[in-house]
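Protein chains: 2
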Amino acid sequence: MSNIFKVALAGLGTVGGGVVKLLLQHQEILLQRCFQKIELTDVADLNEARVKQLNIPESVRYYKDAAEMVEKTDADVVIELVGGANGIAYEICKKALQRKKSFVTANKAMIAHHGNELAKFAEEQGVFFGYEAAVAGGIPIIKSLREGLIGNNISEIYGILNGTCNYILTVMRETGRSFDKVLSDAQKLGYAEADPSFDIDGIDTAHKMCILGSLAFGIPIDLNALNVQGIRFITDADIAFAEELGFRIKLLGVGRRSQAGVSLNVYPCMIPQTAEIAHVDGVFNAVITEGDFVGHSMFVGRGAGECPTASAVVSDIADAALNRRLPLLGVPHQCIKSIPVIPLADREGEYYVRFQVQDKPGVVAEISKILGDKEVSIASMIQRGQSENGSVPLIMTFHSSKESAVCSALTEIERLECVLDKPCMIRIERL
Amino acid sequence: MSNIFKVALAGLGTVGGGVVKLLLQHQEILLQRCFQKIELTDVADLNEARVKQLNIPESVRYYKDAAEMVEKTDADVVIELVGGANGIAYEICKKALQRKKSFVTANKAMIAHHGNELAKFAEEQGVFFGYEAAVAGGIPIIKSLREGLIGNNISEIYGILNGTCNYILTVMRETGRSFDKVLSDAQKLGYAEADPSFDIDGIDTAHKMCILGSLAFGIPIDLNALNVQGIRFITDADIAFAEELGFRIKLLGVGRRSQAGVSLNVYPCMIPQTAEIAHVDGVFNAVITEGDFVGHSMFVGRGAGECPTASAVVSDIADAALNRRLPLLGVPHQCIKSIPVIPLADREGEYYVRFQVQDKPGVVAEISKILGDKEVSIASMIQRGQSENGSVPLIMTFHSSKESAVCSALTEIERLECVLDKPCMIRIERL
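In order, the protein sequences belong to chains A and B.
Yeah, the first sequence ends on 431 if you go by my numbering, and it's all consecutive.
Yeah, the second sequence ends on 1431 if you go by my numbering, and it's all consecutive.
Below is the structure:
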């Protein structure tokens, strides 16, 4: 038990700070569980002051330049917590693999953009590559997919993968306040970035979802194959109507595989209040899988933050120390196979639509005529008398229909004189 | 990719059948994911007919005597799916380890009774020992605790670990029927054994809980340290009152570690309907952990059954094939340390009590006098006028109190003339 496993860490931001804290605080635990000392030997960050702030021992070598650190270090593993799909993160990743160093990252953007290439390169180099922290922070979902559920064909994987969106949607429901107001509060509280588009436009969820889809279905990582819709268009009215109809609105990544192909998408959707995932609120993430042997599984945990993400990074460090190497995407890169992508237009499912219409007779008749012509069948309808300037919301849900038919109907309906605004459509998922 | 990893399987019952099915059906998947062929080479079962029923290829050697198989086989791993804490299961386990074969089992009773000794022996022999299937079937909780959460101190672990009990409690709530009726139906449907005591008296949950407690807290497996209460005493009235009070009744294993020591117990308890775990119904299991870095995590999946358990067994086979050996309890056996056990009498928590009392004035006064004397404070009370033969239920919940005080009060209250039956006490857990 006297070996030392040396760790070089690039990036002393929030997550990097958490990793430092964990490594220093749990030395004894890690020694017992990894049968060797896990020792921080090198750190790199543009801001040297962080070294002191984090009480990093003086024996640890500091570099301003992460690339220089990776070039010079004799550590066993390089941890990349700089972030960004390209730039320095990608540079040090390639460099570490070239030097045959084990490599650990929390960088979902980099994996989403370069995962296929990195998988091949890491295999060729025979190097450990860990990215547990890249998806759903504290949830050991990469490990569960690659190892725990190894005996399964996964037919479905979906989840709440962005804590910021889940927090906003949760607070909107709890307070009845508007998207803009809740977002602005979330920014003040540090739950949303100053530029929130990466989160609220679904891009972060898409990065994670294309990684999960690849792991679950054995397909290449392909960010472009995903349709991505964020939550900006969700109004407090939609949240309230969802409640009334027995639903909750969640931003989900949804992946399905069938004989016909694979569909991977990110969109806010209405799920039954009785679904387990409907109760995953606030900053929590959840991933649900359907395996042919294991059946239905759910994993819930904190999706981000200093400490949960550090926990995931350290589980990768431990795997590296224990030499538990696996192909990045679960199978050797030559076994990864493309499957036809099913367009979202082919989705067969239920829909919720909120129309803003003139408060006058005949409106429902006009709208339902078009729906009927397109073979979209109405499942429920809510119409209230309270008119504002002669304009009222009209809520409909549709029985399972093809998305292309629904969209074509909505385009026609939007042109009606009695329809005052673009209809707001939200998919319903019976999870 | 041309290596062969040979599997010898003892026990072709429900789970054994599932493992055979998975190994035969997913040969291609397992070859890609384990980089070697996982091949069933030997099977043992008292009933030879099962070999045919399961379409086991003729090339597979059949043994009537599992011990003989383990003695003779040249397989790389021995899978024990015979069951039972002792007898043949224990015998072939020891024999396999002696022969330095990797060993995989779904046998929680054997681990609960002999885990410490087997941990030591497996380490001494330098042999892989997998038991993912022993706890919570399809949930990869052993892997998550030993690997995914490796960087955490776990302060709390609890869960729904017995599908039979969860099914019975779920159906009682959904139908309002009595325990006896629901149990008898569950037996007809195959969800409960002819002799159900192992499940409904909490023994099965206790086996699993002492394993989880050991893994989470680094303590020896000690079945005797657990207080175990089953669900036989839960009435349809309690289920209904729980609903009314905003609770659900679940049989939980509950483990906590604090400065003072560790508590590990199994009892039915009332949990808020808003708790995530309250929505884990039917035959599903759930495990919840609190780690100092990762925070709150929840894992949900099928707890038993042919296929989910087979999925867990096969994940162990894959780990064995990939030579991913870990100490049975996460740390080397010499690092396992006893911690003082906190008696259940010291529990500080809330309580629900149902008294059956005479329908006459002064009863509440008499009861509350005793509670007050013992410093047990009433949080809520339900009393209805509907008397049956002059007897009515009186429901009380208590603010956080010490269990010894509650028990002492209940013993005194039971002696009151106005109290017609033994009070029914159910712990409340704010999860």
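C-beta atoms are modelled at their ideal positions from N, C-alpha and C, and glycine is treated no differently.
Here the structure is a predicted model, which is why all the values come from computation and not from measurement.
Measure the C-alpha to C-alpha separation of residue i and residue j and round it to an integer number of angstroms.
| i | j | result |
| --- | --- | --- |
| A/Ile142 | A/Tyr191 | 25 angstroms |
| B/Met1298 | B/Ala1136 | 13 angstroms |
| B/Ala1044 | B/Asn1055 | 14 angstroms |
| A/Ser184 | A/Glu276 | 29 angstroms |
| B/Val1364 | B/Phe1241 | 18 angstroms |
| B/Val1280 | B/Ala1286 | 7 angstroms |
| A/Ile200 | A/Ile231 | 6 angstroms |
| B/Ile1336 | B/Ile1004 | 35 angstroms |
| B/Val949 | A/Glu147 | With chain B covering only 1001 through 1431, there is no way to say anything about residue 949 of chain B. |
| B/Gly1017 | B/Tyr1062 | 14 angstroms |
| A/Leu344 | A/Asn227 | 7 angstroms |
| B/Leu1023 | B/Gly1084 | 24 angstroms |
| B/Ala1304 | B/Ala1109 | 15 angstroms |
| B/Gly1330 | A/Glu28 | 14 angstroms |
| B/Leu1328 | B/Phe1129 | 6 angstroms |
| A/Glu39 | A/Ala312 | 17 angstroms |
| B/Met1001 | B/Phe1035 | Only weak support exists for where B/Met1001 lies, its pLDDT of 42 falling under 50; the value from the coordinates is given anyway. Answer to the nearest angstrom: the Cα atoms are 5 angstroms apart. |
| A/Glu290 | A/Gln383 | 37 angstroms |
| A/Glu73 | A/Ala96 | The sequence given here places Thr at residue 73 of chain A; Glu does not occur at that position. Cα to Cα, the separation comes out at about 10 angstroms. |
| B/Arg1033 | A/Phe217 | 13 angstroms |
| A/Arg434 | A/Ala186 | As shown, chain A starts at 1 and ends at 431. That puts residue 434 of chain A outside it, with no answer to give. |
| B/Arg1354 | A/Pro308 | 41 angstroms |
| A/Lys360 | A/Lys374 | 24 angstroms |
Closer than 7 angstroms, CB to CB, is residue i near chain A or not?
| i | result |
| --- | --- |
| B/Gln1259 | no |
| B/Gly1159 | no |
| B/Pro1220 | no |
| B/Ser1338 | no |
| B/Lys1143 | yes |
| B/Pro1140 | yes |
Beta-carbon of residue i versus every beta-carbon of chain B: anything under 7 angstroms?
| i | result |
| --- | --- |
| A/Ala136 | no |
| A/Met298 | yes |
| A/Arg302 | yes |
| A/Cys335 | yes |
At a CB-CB cut-off below 8 angstroms, which residues of chain A make contact with residue i?
| i | result |
| --- | --- |
| B/Pro1308 | Phe293, Val294, Gly295 |
| B/Ala1318 | Glu147, Ile150, Gly151 |
Under 9 angstroms between beta-carbons, which chain A residues line up against residue i? List them in chain order, please.
| i | result |
| --- | --- |
| B/His1279 | Thr274, Ala275, Glu276, Ala278, His279 |
| B/Val1314 | Ile150, Gly151, Asn152, Phe293 |
What residues from chain B crowd round residue i, counting only those whose CB sits closer than 8 angstroms?
| i | result |
| --- | --- |
| A/Asn153 | His1026, Ile1029 |
In chain A, which residues lie with their C-beta within 7 angstroms of the C-beta of residue i?
| i | result |
| --- | --- |
| B/Val1331 | Gln32, Arg33 |
| B/Leu1022 | Gly151, Phe293 |
Less than 8 angstroms between the CB atoms is what I'm expecting for residue i and residue j, so what's the real figure, rounded?
| i | j | result |
| --- | --- | --- |
| B/Val1060 | B/Thr1041 | 6 angstroms |
| A/Met425 | A/Val406 | 7 angstroms |
| B/Glu1350 | B/Ile1428 | 4 angstroms |
| B/Gly1253 | B/Leu1212 | 7 angstroms |
| B/Thr1235 | B/Phe1179 | 7 angstroms |
| B/Ala1089 | B/Val1082 | 5 angstroms |
| A/Ile221 | A/Cys210 | 5 angstroms |
| B/Gln1356 | B/Ser1408 | That pair is no contact at about 20 angstroms. |
Check the Cβ of residue i against every Cβ in chain B and list those closer than 7 angstroms, keeping chain order.
| i | result |
| --- | --- |
| A/Ser311 | Leu1149, Gly1151, Asn1152, Gly1291, Phe1293, Val1294 |
| A/Arg324 | Arg1324 |
Pairs of beta-carbons, one from the segment 1081 to 1101 of chain B and one from the segment 1007 to 1018 of chain B, closer than 8 angstroms: are there three or more? yes
Are the segment 1306 to 1320 of chain B and the segment 1364 to 1374 of chain B touching by the rule of at least three beta carbon pairs closer than 8 angstroms? no
Does the structure place the segment 1233 to 1248 of chain B close enough to the segment 235 to 249 of chain A that three or more beta carbon pairs sit under 8 angstroms? no
For the segment 1260 to 1267 of chain B and the segment 254 to 267 of chain A, state whether three or more C-beta atom pairs, one from each stretch, are separated by less than 8 angstroms. no
How do the segment 326 to 340 of chain A and the segment 159 to 176 of chain A stand: do at least 3 beta-carbon pairs fall below 8 angstroms, yes or no? no
Should the segment 246 to 255 of chain A be regarded as contacting the segment 367 to 375 of chain A, the criterion being three or more beta carbon pairs within less than 8 angstroms? no
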